[in-house]
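Working notes for the structure below.
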Amino acid sequence: MNVIKHGWGHDTWLADFETERERRAERGDPDWGRAAALPPELVRSLQRFQVGEDGDGSALIGKADRAGDPVYARAVRLFVAEEQNHARMLALLLEAGGAGTLAGHWSDTVFVRLRRLLGLRVELLVLMVAEVVALRYYRAVRDGAADPLASEVARLILADEERHVPFHCLRLREALAPLPAPARRAAVAAWRATLTAAAVVAVDHGPALRTLGVDRRTFVADTVRASAPMAAAIAATGPTDTAGSPVPAGPVRAPRGRLRAPAGRSGRTLAARARRGGGV
841 MNVIKHGWGH DTWLADFETE RERRAERGDP DWGRAAALPP ELVRSLQRFQ VGEDGDGSAL
901 IGKADRAGDP VYARAVRLFV AEEQNHARML ALLLEAGGAG TLAGHWSDTV FVRLRRLLGL
961 RVELLVLMVA EVVALRYYRA VRDGAADPLA SEVARLILAD EERHVPFHCL RLREALAPLP
1021 APARRAAVAA WRATLTAAAV VAVDHGPALR TLGVDRRTFV ADTVRASAPM AAAIAATGPT
1081 DTAGSPVPAG PVRAPRGRLR APAGRSGRTL AARARRGGGV
């Protein structure tokens, strides 16, 4: 996973989210008619993650609107829609396993309140803690679940989460760039310190993790290790490689592949914005 996709500005990310929305509609859902054999430990764990994915994202959307970049704000709305789709799929997976969803959970309440404390930067930093933890969790479900439907749902969610991380890293790097280097490093160090939340998740979801073949220490260590290149990329002010290390500046090429320009914008505009790295 590239922590920062070079040449990708918010125009490019908006195009990516729009293209993914279309691809998701064409692909359709997993076959929910299949019964899912879910161990009780995994059911309880999935119920808690389902609560975390389920939200209207109004606070984040409002802060994105106030940031003054309408392209980024539109991309945030599509990000929120993907998170809501995760909640929907997890609810249907639980239903296929004969279980329901929870009305709420204390861990989600804590994260939501922390995210809403201050501005967009704090909101995204706290959100990134949940995203990094989710990467390791859904990988564990994908690789360790004995039930094919659970593994498929986790694979689909994980693919989205792997796109979300570089999207948020770009915005955080732009948001922190005006700060002096010591302040950037302090902010990122504080963010990594909050990854102790992974230990809380490991304890709270320990029985499910054991069922999936992952011990708690490995879960925490993998989560903290994965955050290192993200922290380096967020704190940097110039280009970084996939490990988060600075790279020499050079010409930026517009991304290739299935991306298309958002409605109302030409390819030339998209390439120009990509060269500038998008607005802040």
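Mapping of the sequence shown onto the numbering used here: residues 841 to 1120, in sequence order.
Glycine included, each C-beta is placed from N, C-alpha and C at the ideal position.
Note that the structure is predicted; figures quoted are calculated from it, not measured.
Checklist entry - Can you name, in chain order, every residue of its own chain whose Cβ lies under 7 Å from the Cβ of A904, other than the five neighbours on each side? => result Here residue 904 is taken as the residue at index 64 of the sequence shown, counted from 1. Excluding the 5 residues flanking it on each side, A904 has same chain C-beta neighbours closer than 7 Å at Y912, A913, V916 and L960, in chain order.
Next on the checklist: Whole angstroms are fine: how far does the CA of R863 sit from the CA of R1056?
Outcome noted: As a first step, residue 1056 is located in the sequence shown; it is residue number 216 there, counting from the start. As a first step, residue 863 is located in the sequence shown; it is residue number 23 there, counting from the start. Between R1056 and R863, the C-alpha separation is close to 35 Å.
Checklist entry - How would you call G937, buried or exposed, if buried means at least 16 neighbouring beta carbons within 10 angstroms? => result By 1-based counting over the sequence shown, the position of residue 937 is 97. Buried, since its Cβ has 16 or more Cβ neighbours within 10 Å.
Item to check | Separation of Q924 from L942, as counted between CA atoms | outcome: Counting from 1 along the sequence shown, the entry for residue 942 is found at position 102. Counting from 1 along the sequence shown, the entry for residue 924 is found at position 84. Going by the C-alpha atoms only, they are around 15 Å apart.
Checklist entry - Taking the continuous alpha helix (DSSP H) assigned at V972, which residues delimit it? => result For this step, residue 972 is matched to residue 132 along the sequence shown. First-last of the alpha helix (DSSP H) with V972: L960 to G984.
Checklist entry - Would a C-beta distance cut-off of 7 Å place G998 and R982 closer than the cut-off? => result Here residue 998 refers to the residue found at position 158 when the sequence shown is read from its first residue. Here residue 982 refers to the residue found at position 142 when the sequence shown is read from its first residue. Position check: residue 998 holds Leu in this sequence, whereas Gly was assumed. Contact check for L998 against R982 passes: the beta carbons are separated by less than 7 Å.
Next on the checklist: Within the continuous alpha helix (DSSP H) that includes N925, where are the two ends?
Outcome noted: In the sequence shown, residue 925 corresponds to position 85, counting from 1. Per DSSP, N925 belongs to the alpha helix (DSSP H) from P910 to A936.
Item to check | Contact set for S1067: own chain, Cβ-Cβ below 7 Å, skip 5 residues either direction | outcome: Taking the first residue of the sequence shown as position 1, residue 1067 is located at position 227. Here the set comprises V972, R1032 and L1035.
Item to check | Rounded straight-line distance, which links the Cα of D1062 to that of G1117 | outcome: The residue given as residue 1117 occupies position 277 in the sequence shown. The residue given as residue 1062 occupies position 222 in the sequence shown. Because G1117 sits at a pLDDT of 41, beneath the cut-off of 50, its placement in the model cannot be relied upon, and the following sentence gives the value as read from the coordinates. C-alpha separation (whole angstroms): 30 Å.
Checklist entry - Using the C-alpha atoms, what's the distance from G908 back to T859? => result Here residue 859 refers to the residue found at position 19 when the sequence shown is read from its first residue. Here residue 908 refers to the residue found at position 68 when the sequence shown is read from its first residue. Put simply, the backbone Cα of T859 is about 24 Å away from that of G908.
Item to check | N-terminal and C-terminal residue of the alpha helix (DSSP H) that R1057 is part of | outcome: By one-based count along the sequence shown, residue 1057 stands at place 217. Where R1057 is concerned, the enclosing alpha helix (DSSP H) stretches over R1056 to A1075.
Item to check | Whole-number beta carbon distance between R1025 and A1075, since they are thought to touch under 8 Å | outcome: Within the sequence shown, the letter at position 235 stands for residue 1075. Within the sequence shown, the letter at position 185 stands for residue 1025. The pair is a contact, with the Cβ atoms about 6 Å apart (cut-off 8 Å).
Checklist entry - First and last residue of the alpha helix (DSSP H) that includes R874? => result Numbered from its first residue, the sequence shown carries residue 874 at position 34. Where R874 is concerned, there is no enclosing alpha helix (DSSP H), because DSSP gives it neither an H nor an E.
Item to check | Cutoff 6 Å; reference E992; Cβ partners in own chain excluding five residues on either side | outcome: If you number the sequence shown from 1, residue 992 lands on position 152. Correct list, in chain order: P870.
Item to check | Cut-off 7 Å between Cβ atoms - residues of its own chain near D987, not counting five sequence neighbours on either side | outcome: Residue numbering aside, residue 987 sits at position 147 when the sequence shown is read from its first letter. If the five residues before and after D987 are omitted, its C-beta is found closer than 7 Å to the C-beta atoms of A876, A877 and L878, all from its own chain and listed in chain order.
Checklist entry - Within this structure, are the beta carbons of I901 and C1009 separated by less than 7 Å? => result Start at 1 with the first residue of the sequence shown, and residue 901 comes out as number 61. Start at 1 with the first residue of the sequence shown, and residue 1009 comes out as number 169. No; because the gap between Cβ atoms is not below 7 Å, this pair is not in contact.
Item to check | Where the alpha helix (DSSP H) containing T852 begins and where it ends | outcome: By 1-based counting over the sequence shown, the position of residue 852 is 12. Where T852 is concerned, the enclosing alpha helix (DSSP H) stretches over H850 to R867.
Checklist entry - Between G897 and the rest of its own chain, which residues show a CB-CB distance below 6 Å, the 5 nearest in sequence each way excluded? => result Indexing the sequence shown from 1 puts residue 897 at position 57. Within the same chain, G897 has close Cβ partners V920.
Checklist entry - CB L1052 to CB F1059, shorter than 7 Å? => result One-based indexing of the sequence shown puts residue 1052 at position 212. One-based indexing of the sequence shown puts residue 1059 at position 219. Taking 7 Å as the Cβ cut-off, L1052 and F1059 do not qualify as a contacting pair.
Checklist entry - When the Cα atoms are used, what is the spatial distance from V1064 to R979? => result The residue you call residue 1064 lines up with position 224 of the sequence shown. The residue you call residue 979 lines up with position 139 of the sequence shown. Their backbone Cα atoms lie some 15 Å apart in a straight line.
Next on the checklist: Less than 7 Å between the beta carbons of A927 and E893, yes or no?
Outcome noted: For this step, residue 927 is matched to residue 87 along the sequence shown. For this step, residue 893 is matched to residue 53 along the sequence shown. Judged by their CB atoms, A927 and E893 are nearer to each other than the 7 Å cut-off.
Next on the checklist: For R861, which residues in the same chain have their Cβ closer than 7 Å to its Cβ, ignoring the five residues on either side in sequence?
Outcome noted: To locate residue 861, count along the sequence shown from 1; it is residue 21. Counting only Cβ-Cβ distances below 7 Å, and skipping sequence neighbours, we find L918.
Checklist entry - What is the DSSP secondary structure of K903, reduced to helix, strand or coil? => result Taking the sequence shown and counting its residues from 1, the one referred to as residue 903 is at position 63. Three-state result, K903: helix.
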